[in-house]
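For the sequence shown, the UniProt record's numbering assigns the number 1 to the initial residue and increments by one for each residue that follows. The structure appears right after this line, and notes come after that.
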Amino acid sequence: MSDWDSHVVIGSKGRRPAVAKTESAVNAARRSGVAVDTSSKGVSNKAARGPDHQKIAALDRDDEAKPPATVNPSVGSAMSKARMAVKSADGKSMTQKDLATKVNEKPSVIQDYENGKAIPNPALLAKLERALGVKLRGDPSLIGTPLNKPGSKK
1 MSDWDSHVVI GSKGRRPAVA KTESAVNAAR RSGVAVDTSS KGVSNKAARG PDHQKIAALD
61 RDDEAKPPAT VNPSVGSAMS KARMAVKSAD GKSMTQKDLA TKVNEKPSVI QDYENGKAIP
121 NPALLAKLER ALGVKLRGDP SLIGTPLNKP GSKK
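Encoded structure:
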């Protein structure tokens, strides 16, 4: 029973390998043939380190998602011409607010459509077509042409 002869000292650890903090100490260790590990530990505060330029460059090289398509400017001009052509009982042309009320939308949405900034919504374009009586969807050469009356044959 050799266990009786060995001494256990509580709290005593073996010697740890020295950590070279400076670059000259790392180079000296490399020259002497010692295995050198240059991996860094995890950083607790990544925000203080600054941006990761490699990651940013990789994201820039990626094909980014393109912004959604907007309404063709010809749709906006056809809308405004048709809106001006529609006259009320007192002889005034229809305003953007009147058109918005007629199709149950906000006036800012109508303004975006007329400026060509809105994302096309087929349901809203169908409402606008019926309210104005002109085509706003489909072939670009047909945009602005009068709609066929419901029930009439070509």
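Ideal Cβ positions, reconstructed from N, Cα and C, are used throughout, including at glycine.
(message) Report the CB separation of Val109 from Ala100 in whole angstroms; it is logged as a contact under 8 Å.
(response) 7 Å
(request) Would you kindly work out how many angstroms separate the C-alpha atoms of Leu125 and Asn115, rounded to a whole number? (result) 14 Å
(request) Within 10 angstroms of the Cβ of Leu128, are there 16 or more other Cβ atoms? Answer buried if so, exposed if not. (result) buried
(request) Check whether the Cβ atoms of Tyr113 and Gly144 lie closer than 7 Å to each other. (result) no
(request) Leaving aside the five residues before and after Arg130 along the sequence, list all residues of the same chain whose C-beta is less than 8 Å from its C-beta, in chain order. (result) Leu147
(message) What does the Cβ neighbour count give for Ala118, buried or exposed, with the cut at 16 atoms within 10 Å?
(response) buried
(request) Pick helix, strand or coil for Val9, following the three-state DSSP scheme. (result) coil
(message) Counting C-beta neighbours from all protein chains within 10 Å, is the total for residue 194 16 or more, i.e. buried, or is it exposed?
(response) Nothing about residue 194 can be read from this structure; the chain reaches only from 1 to 154.
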